[in-house]
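Notes follow once the structure below has been shown.
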Amino acid sequence: MCGALRPSDAGKKAVLMGWVNRRRDLGSIIFIDLRDRTGVAQVVLNRELNSAAHDKANVLRNEYVIAVLGTVKLRDADTINKNIPTGEVELVADEIRILNDSKQPPFLPSDTALTNEETRLKYRYIDLRRDVMQFNIEMRHRVAKAIRDYLSGQGFFEIETPFMTRSTPEGARDYLVPSRVQPGAFYALPQSPQMFKQILMISGFDKYFQIVRCFRDEDLRADRQPEFTQIDLEMSYPQPERVWEVVEGFLVAAFKAAGLEIKTPFPRMDYDEAIRLYGIDKPDLRLPAFTDVRECFAPENLQQLAVNQNLPVVAIRIPSVGELSRAERDSVKPLFISKGGAKVFEDFKRIEKNFPDAAAKIAAKSRAQAGDLLVVVAGSAQTGEQTALPSHRKVTPSELAIYASAGLLRITLAQKYAERHGLFKKSGDPAKDFRFLWVTNFPMFEWYEGEKQWNAAHHPFTSPHEEDMSLLEKGVESVNDPQSPLSAVRALAYDVVLNGTELGSGSIRIHRQDVQRRIFRALGMSEEEAKARFGFFLEALEYGTPPHGGIALGLDRIVMILAGAESLREVIPFPKTARAVDLMVDAPTPVGEKQLKELGIIVKK
Ligand code: ASP
585 MCGALRPSDA GKKAVLMGWV NRRRDLGSII FIDLRDRTGV AQVVLNRELN
635 SAAHDKANVL RNEYVIAVLG TVKLRDADTI NKNIPTGEVE LVADEIRILN
685 DSKQPPFLPS DTALTNEETR LKYRYIDLRR DVMQFNIEMR HRVAKAIRDY
735 LSGQGFFEIE TPFMTRSTPE GARDYLVPSR VQPGAFYALP QSPQMFKQIL
785 MISGFDKYFQ IVRCFRDEDL RADRQPEFTQ IDLEMSYPQP ERVWEVVEGF
835 LVAAFKAAGL EIKTPFPRMD YDEAIRLYGI DKPDLRLPAF TDVRECFAPE
885 NLQQLAVNQN LPVVAIRIPS VGELSRAERD SVKPLFISKG GAKVFEDFKR
935 IEKNFPDAAA KIAAKSRAQA GDLLVVVAGS AQTGEQTALP SHRKVTPSEL
985 AIYASAGLLR ITLAQKYAER HGLFKKSGDP AKDFRFLWVT NFPMFEWYEG
1035 EKQWNAAHHP FTSPHEEDMS LLEKGVESVN DPQSPLSAVR ALAYDVVLNG
1085 TELGSGSIRI HRQDVQRRIF RALGMSEEEA KARFGFFLEA LEYGTPPHGG
1135 IALGLDRIVM ILAGAESLRE VIPFPKTARA VDLMVDAPTP VGEKQLKELG
1185 IIVKK
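Residue numbering for the sequence shown follows the working numbering, beginning at 585 and increasing consecutively.
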């Protein structure tokens, strides 16, 4: 291979095949940089020594595919190229064969300035020849293999599940495939293998995994793909901790495949605690948590500030960012005009000016250093107070509204001023650069105001907490009420988070059909509807279902992080655009009348 030549090969005959990366014509001598997957080697053609080969080299252009037979030679000291691993040797050609020519590509794999992304995606085969893309796709292979090897070693079987199936709810729309033999009927592409993997537990395969494509028709946000790959697994009889141990194990293996050593076990945090400390369920631990500073103010201070005294007052600290300019402050202001009631946002400078005592206490309590940015967030006096939750749910909806705005502000400021604080810069120490976290005990249900009903926060197969079963039982009597006891039911669900990004989520599942029926009821599904959509599954649950649980992690995102790439499209060989279009094959496309007719489909313009 081109990238393999070394000084120890000097004197050997070699045949190299690859693409012409560059041709330099110095008259009697022509140099060719020949490229394959492994790197670049220099080929030399000397007219004096071999005029036939030299003549042939004259016609070569970028991206021609050639074979060269020649002799490996050490380069003269002054022509050694220290920048490439083959830089001490070259191949002196005896014979060249042109295996194929090439049109002048719209951009060259060796171009340092990147062409616009549309062109890259349309000519993806050229784009994939670039070093970075070759590196990323190789990384993807290595990471997937490390995970497969690890899980196989732990006794997991990789088992395939169907792509042409029924709807599996994961919160997105389905991609549908029309059936020709049953006009009017459709398969759904799986949003995940969720029900199949649970059925595999019922079938006696107590440890399953699959590196599997999932399909979700969503309004694509910046970095999503309609088809993406999950590391999906399920096991029988686990406690959550057992699932976490398996995930930590394969992440260690995946990071090792990228030369990084991470530490396990990952820290763990309750959902409520994550909200209280970070205002978000996927906290970035590289930044400091909030400080609760209500007690730092005298009650009359809070009155003067028109702040709700019963709700939290939190200080956000972003190290080394310095004070915000007026314009910077104004640019983040819209974050405070939140849906759930107005929030007060106070620049620390103003607090210092008006309430020096409080300011001193806040600075001390939040351990602010000179040069840190401090911002205080509170609920305005008009913010209502709701405390309908039982004691084990520690965060009420009004509190949540404040924590969530503060959380959004914290992360927005941190991202905006990352250059200034440098906390996101890689230090080279994986323990500092990769801050993993398990977030657990999520709420089971989320209230959807538009639909006036409860939705599953994870998915409807997630088990409620054993302690909250009675709340569920009571809750199904008031499924259209935002104050229903359903609001307090906790789920045995968990997310694995890395640097503020959710890598995956999973749960212990419901294994009793009566509980499963109750959950469907809580989600506003009638008995008939549940039967029509999930009858097969409810029936399967009746035949000796072992307790089980699992998780799925996004492979694309993990590879993206390990490759240091900026977008999922950099680690997926043939990705789609934000409009879900494949620019290379030009999909989706309209189809002909004949095909539509066969499928019994009429397209309305
Ligand atoms: N099926 C879930 C998902 O795709 C993961 C799981 O619960 O295992 O998010």
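The beta carbon of each residue, even a glycine, is placed where N, CA and C say it ideally should be.
If residue i and residue j are in contact, beta carbons under 8 Å, what's the gap, nearest whole angstrom?
i, j, result
"Pro591", "Glu674", "Between Glu674 and Pro591 the Cβ distance is about 11 Å, and since that is not below 8 Å, they are no contact."
"Gly1133", "Arg1093", "6 Å"
"Phe770", "Pro777", "19 Å between Cβ atoms; not a contact."
"Lys781", "Glu829", "Not really, about 19 Å apart at Cβ, beyond 8 Å."
"Leu1055", "Pro1069", "4 Å"
"Ala730", "Glu679", "With 8 Å as the limit, Ala730 and Glu679 do not qualify as a contact, their Cβ atoms being about 41 Å apart."
"Asp854", "Thr1024", "6 Å"
"Val979", "Arg860", "6 Å"
"Tyr1078", "Trp1022", "6 Å"
"Asn684", "Val652", "That belief does not hold up - the Cβ atoms of Asn684 and Val652 are roughly 14 Å apart, past 8 Å."
"Phe789", "Ile743", "6 Å"
"Arg607", "Leu644", "5 Å"
"Val1073", "Pro1044", "That belief does not hold up - the Cβ atoms of Val1073 and Pro1044 are roughly 13 Å apart, past 8 Å."
"Gln809", "Pro1159", "6 Å"
Quick one, which of the options has its alpha-carbon nearest residue i's?
i, options, result
"Gly1088", "Lys866, Ala842, Gly1034", "Lys866"
"Met1168", "Arg994, Glu702, His1043, Leu844", "Glu702"
"Phe1118", "Leu817, Phe741, Val649, Met779", "Met779"
"Ile900", "Ile1135, Tyr648, Ala962", "Ala962"
"Leu957", "Ser964, Ala1164, Arg1074, Lys1000", "Lys1000"
"His1042", "Thr752, Gly906, Val627, Lys729", "Thr752"
"Ala873", "Pro1048, Val628, Ala1114, Leu992", "Leu992"
"Arg870", "Arg994, Asn885, Ile680", "Arg994"
"Ile795", "Glu825, Phe881, Phe740", "Phe740"
"Gln893", "Ala965, Tyr987, Phe1018", "Ala965"
"Gly1238", "Val905, Ser989, Tyr1127", "As displayed, the chain neither begins before 585 nor continues past 1189, which places residue 1238 out of reach and without an answer."
"Glu754", "Arg659, Leu1125, Lys640, Ala1040", "Ala1040"
"Lys937", "Gln814, Ile682, Asn885, Phe812", "Asn885"
"Arg1149", "Gly602, Leu1076, Gly768, Asn720", "According to the sequence displayed, residue 1149 carries Ala and not Arg. For the residues Gly602, Leu1076, Gly768, Asn720, the minimum Cα distance to Ala1149 belongs to Asn720."
"Lys933", "Gly955, Glu907, Gly863, Leu1180", "Glu907"
"Leu1183", "Gly768, Glu1113, Ile1135, Phe1121", "Gly768"
"Trp603", "Ser909, Leu889, Pro693", "Pro693"
"Val1063", "Glu1051, Ala772, Gln1037", "Gln1037"
"Leu1125", "Met1109, Val1099, Gly1108, Leu1107", "Val1099"
"Gly1138", "Asp733, Glu1086, Val1060, Asp803", "Glu1086"
"Ala890", "Lys927, Tyr862, Arg621", "Lys927"
"Gln718", "Arg621, Leu600, Pro1131", "Arg621"
What do you reckon, is the C-beta of residue i under 7 Å from a heavy atom of the ligand ASP?
i, result
"Gly1134", "yes"
"Gly1138", "no"
"His1043", "yes"
"Gln814", "yes"
"Glu829", "no"
"Gln778", "yes"
"Glu825", "no"
"Ser1089", "yes"
"Glu1246", "Because residue 1246 is not part of the residues shown, which for the chain are 585 to 1189, the question remains open."
"Glu754", "yes"
Once the 5 residues before and after residue i are set aside, which same chain residues still bring their CB inside 8 Å of it?
i, result
"Tyr707", "Pro689, Pro690, Phe691, Met1168"
"Val624", "Cys586, Gly587, Asn605, Asp617, Leu618, Ile668, Thr670"
"Lys917", "Phe929"
"Arg726", "Ala841, Ala842"
Spatial neighbours of residue i within its chain, please: C-beta separation below 6 Å, excluding the five flanking residues on both sides.
i, result
"Phe839", "Ile846"
"Asp868", "Asn1083, Gly1084"
"Val676", "Val628, Gly654, Thr655, Lys657"
"Ile946", "Val877, Cys880, Ala899"
"Ile613", "Asn630"
"Leu1180", "none"
"Phe1020", "Phe850, Leu1082"
"Thr875", "Ala899, Lys949, Ser950"
Sorted by chain position, which residues of the same chain lie with C-beta nearer than 7 Å to residue i's C-beta, five sequence neighbours on each side aside?
i, result
"Arg724", "Val1143, Val1155"
"Arg878", "Pro896, Val897"
"Pro883", "Gln893"
"Leu984", "Ile859"
"Ile664", "Gly671, Glu672"
"Arg750", "Ala772"
- Message: Extract the residue ranges of the alpha helix (DSSP H) inside the stretch 955 to 1020, only unbroken runs of 4 or more that lie entirely within it.
- Response: 981 to 1000, 1002 to 1005, 1014 to 1017
- Item | Completely contained beta strand (DSSP E) runs for the stretch 792 to 837, where each covers 3 or more residues | 811 to 820
- Query: Fully enclosed by the stretch 719 to 767, which beta strand (DSSP E) runs are 3 residues long or longer?
  - Reply: 760 to 762
- Message: So within the stretch 1058 to 1115, which uninterrupted beta strand (DSSP E) runs reach at least 3 residues, ignoring any that extend past its ends?
- Response: 1077 to 1082, 1085 to 1092
- Task: Quick one: which unbroken beta strand (DSSP E) runs of 3-plus residues sit fully inside the stretch 835 to 894? Chain order, please.
- Result: 852 to 854
- Query: Whole alpha helix (DSSP H) runs in the stretch 1133 to 1160 with 4 or more residues, listed along the chain?
  - Reply: 1139 to 1147
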